Amino acid sequence: MTQVRISLWRFRCNERHFFESTNLCRPRPLNRLQFCSALMHLSRRAGAGVDITPAGMFGSATPRWARVRCSPWVARALRTTMPASEPSRDPRRILVVEETPFFLNVTHRRLETQLNVTVLDAGTLAEARAVIEREGPSLFLCVVDLVLPDADSGDIVDLAIENGLPCIVFTSMFSDEVREEVLSKKVIDYVTKDSPASLDYMTHLITRLVGNAETKVLVVDDSRSARSYVCDLLHLYRFQVLEAADGVQALSILRETPDIRLIVTDYFMPRMDGFELVKQVRNIFAPTDVAIIGLSSAGSGLLSARFIKYGANDVLNKPFLREEFFCRISQNMDNLDYIRDLEHAAQFDPLTDLYNRRFLFEAAEPFLSQARREGSNPVVAMMDIDHFKSVNDTFGHDAGDAILVGIAETLRRLLRRRSDILARVGGEEFCLFAPELAPEAVEGFFEKLRNAVADMPIALADNDSRKSIKITMSIGVCDRPMASFNEMLRRADRCLYAAKAAGRNCVRIESRNPHPASIPLSGARLHPPVTQKCD
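Residues 560 to 1094 in our numbering are what the sequence shown lists, from first letter to last.
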C-alpha cells in the first residue's frame, strides 16, 4: 500500500486536474460538506482497496487535505480523478511582504511601473494574513521577505504555501542552510537583495511567470519518477505540462497539440531515443518555433554535442541543480519570445498592426502563382485616404494616426477570407491582395469597403471640445490576372489615379474602367513612399 497526501484545496484547470499537495497549485476552499463529497467521489472513482482518512483541520469549517492509502497504480490514478475548478487569478495583482519601508516602496514602485500590476503591501505577518484572507483567490503570487517583526524566519513562506499562493523569496538573509530549507518548501525562487540587479531579475522573473501560464511544455522520459520530478518543477513555474513516456508518444502528442513551445527530453528511451525524437521534431518545427532541451545522465560532452547538432537548443546533464534548470528554461523561452517579437516587427506595421510592405511583396508572389495554378481569380487593390494631408495639417499627426488605426480596424473586420493579405504600404495607402475573389463580386465587395470607411464615425479631441470629421477613401482595383504581382500592383495603382481624377471617394476597376492617356502605365508607383504623401 502507498500513502498519498492529497490536497482538497488545490485544483488546476489543465489535463491533470488534481495534484498532490507537494505541487504548487491554486487554492479553492471547501466547506465540510464539500470535503466529504470530495472524499466519496475519490472512493467511487478510485475503486476498491482505498482507505481515505481526513486530516488537517477536519474539525474546522475548511478542511485542507486527506491522507489516502492505496495501491501505487491507484495513487497515480488519483491525480486525474477530481474535476477541475479554480478561481481566476489576476496576473495584475501581487502581494509584497517586506518589513523595511524603503525596500517595500522601491519594490512596489518597480513592479507597478514596469509590469503594470496592482501591488498590495504588507509589513508584518498579521497584515499579510489579512490580505491573503481577503484577496487570496485573486492574487497571482506574493513576494516575501523572510524577516518580519512578528514572525520567525520562514513563517511567511509557510503561510503562502499553506494557502496555495505562489511565492518568491526576496530577502537579504542568505546562507546555504536557509536557502536549502526555503527551496524545499516549493517556493518559485530565492532571490537575495544584494544589488539593483536583484530587483531587475525578480521583475523579469514575474514577467516570465505571467507568460508561462499560457505556455505548453512537453516532458519526454521513460522513467516515471524522473518525468514526474521534471513535471513538478515546471508546474512550479506555472507552465502547462504534458507528458510522454517515449519519442513515439511525444510525436503523437505534438500532432494533437501543435502549440507546444518547449520540449524537455531524455536521451535513453525505448522505441525512439532522444536523438531520433529531436530529428523528427526538427522536420516539423524550426528551432525558432519550438525549443528543445536534452537531458542525459551520461554526462558526456560528445552526447551533448550530438544533441545540439541534431537540433536541440540546449543540453542539461543529470543530476542538475534546480535553479540551473529554471535558468536554462527561462533563457530558452526568452530567446523564443525575442525571435517572435523580431519576426512580428519585420512583418507588421507598428501603428496599425497590419502586414507591412515587405511582407506583402514576399508573400503575394507565391499566392499569385498558386492562384493561377488553381484557376482562381486573384485581385489586387490600392486604397488611399482622401485629403489626408489636410487632416494632419488641421488636427495634427496624432489625429492622423488615430484615423489610420480606425480605418485599419474597419478593413480588417470586413475581410473574412484567411487567404486575403491586407497591408499598409505607405503613409495613408493600403493594399489588399485577394487570391480568391469571384469576378462578379469584385465591384460590390470594394464598394462595401469604401462605404464602410465613409460611414466610419471619427471623433477628434480639439481644445477640450469634440470635433467630428468625415473621411473617404479612393480605391483602384486590378482584377485581371497578370504575369507577376508587381504588374498587378502597377495596374491597381493606375486605377487609383483614375479614381482620384474622377473626384475621389470612388472605386475604379481595371476590367470596367478605361484609363485616360494622361495616366500612363509606366507612371504608376511600384514602391509607395513610407512617409505620408501629399495629395
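Backbone N, C-alpha and C fix where the C-beta goes; we use that ideal spot for every residue, glycine too.
Note that the coordinates shown come from a computational prediction; the quantities given were computed from them, not determined experimentally.
Given residue i, which residues of its chain have a CB within under 7 Å of its CB, disregarding the five upstream and five downstream residues?
i	result
Met-831	Asp-805, Gly-806 and Val-807
Leu-862	Tyr-826 and Ser-855
Asp-680	Val-655, Leu-663 and His-667
Ile-812	Leu-777, Leu-801 and Ala-803
Ala-997	Asn-936
Asn-582	For Asn-582, the pLDDT reaches just 31, beneath the cut-off of 50, and the residue's location in the model is therefore unreliable, although a value from the coordinates is still provided. Excluding positions up to five away in sequence, the list reads Asp-791 and His-794.
Quickly, what does DSSP pair residue i with across the bridge? List them, please.
i	result
Ile-1017	Ile-1028
Gln-799	Lys-775
Asn-876	Ser-855
Arg-652	Thr-677
Met-941	Cys-990 and Gly-1035
Arg-983	Asn-915 and Phe-989
Phe-699	Phe-699 is not bridged to any residue.
Phe-907	Tyr-914
Tyr-1056	In DSSP, Tyr-1056 forms no bridge with anything.
Near residue i, which residues of its chain fall below 8 Å by C-beta distance, leaving aside the five closest residues on each side in sequence?
i	result
Asn-1022	In this predicted model, Asn-1022 has a pLDDT of only 48, less than 50, meaning its place in the structure is not dependable enough to derive any value.
Leu-764	Ile-727, Ile-747, Asp-748, Val-750 and Ser-889
Ser-978	Phe-926, Ala-993, Pro-994 and Glu-995
Tyr-788	none
Asn-771	Tyr-796, Arg-797, Phe-798 and Met-892
So, with DSSP's three-state summary, where would you put residue i?
i	result
Gly-959	helix
Phe-662	helix
Gly-1062	coil
Ala-864	helix
Arg-823	Note that residue 823 is Val in the sequence shown, not Arg. In this structure, Val-823 counts as strand in the three-state DSSP scheme.
Ala-850	strand
Ile-812	helix
Ile-898	helix
Leu-974	coil
Val-1001	helix
Ile-832	Checking the sequence, you will find Asp at residue 832 rather than Ile. Coil, per DSSP.
Phe-729	strand
Arg-1071	coil
Ala-785	helix
Thr-683	coil
Val-741	helix
Phe-920	helix
Ala-710	strand
Asp-759	helix
Classify residue i as buried or exposed, calling it buried when 16 or more other Cβ atoms lie within 10 Å of its own Cβ.
i	result
Ile-843	exposed
Lys-1007	exposed
Asp-943	buried
Ala-1096	Because residue 1096 is not part of the residues shown, which for the chain are 560 to 1094, the question remains open.
Arg-899	exposed
His-794	buried
Lys-868	exposed
Arg-1132	In this structure the chain extends from 560 to 1094, so residue 1132 is not present and cannot be described.
Phe-733	exposed
Leu-919	buried
Glu-802	buried
Leu-901	exposed
Gly-520	Residue 520 lies beyond the range of the chain shown here (560 to 1094); nothing can be said about it.
Lys-752	buried
Thr-824	buried
Glu-999	exposed
Glu-933	exposed
Arg-783	exposed
Glu-883	exposed
Ala-1051	buried
With distances taken from CA atoms, which of the options is nearest residue i?
i	options	result
Val-706	Ala-689, Val-741 and Phe-866	Val-741
Ser-1033	Arg-1009, Leu-895, Phe-1044 and Cys-886	Arg-1009
Ala-905	Val-800, Asn-915 and Val-655	Asn-915
Asn-1045	Leu-963, Ala-930 and Glu-921	Glu-921
Ile-962	Ala-940, Arg-972, Glu-987 and Ile-980	Glu-987
Leu-970	Met-941, Ala-719 and Tyr-760	Met-941
Val-849	Ser-757, Leu-895, Cys-886 and Leu-1055	Leu-895
Leu-974	Arg-669, Pro-708 and Phe-1004	Phe-1004
Asp-1122	Glu-721, Ala-809, Val-950 and Ala-864	Limits of the chain in this structure are 560 at one end and 1094 at the other, which puts residue 1122 out of reach.
Glu-657	Ile-822, Ser-731 and Gly-1035	Ser-731
Ordered along the chain, which non-local residues of its own chain (more than five positions away) have a Cβ less than 6 Å from that of residue i?
i	result
Ser-774	For clarity, residue 774 is Thr in the given sequence; the question names Ser instead. Hits under 6 Å: Phe-798 and Arg-820.
Arg-983	Asp-908, Thr-911, Leu-913 and Phe-989
Pro-642	For Pro-642, the pLDDT reaches just 36, beneath the cut-off of 50, and the residue's location in the model is therefore unreliable, leaving the point undetermined.
Leu-768	Arg-797
Ile-1028	Ile-1017
Give a single yes or no on whether residue i has its beta carbon closer than 8 Å to a heavy atom of the ligand PLP.
i	result
Tyr-897	Absence of the ligand PLP from the depicted structure is noted, as is the absence of any ligand whatsoever, leaving it without description.
Would you verify that the beta carbon of residue i is, or is not, closer than 9 Å to some beta carbon of chain B?
i	result
Asp-1014	As a matter of chain content, chain B is missing from the structure shown, which is built from one protein chain.
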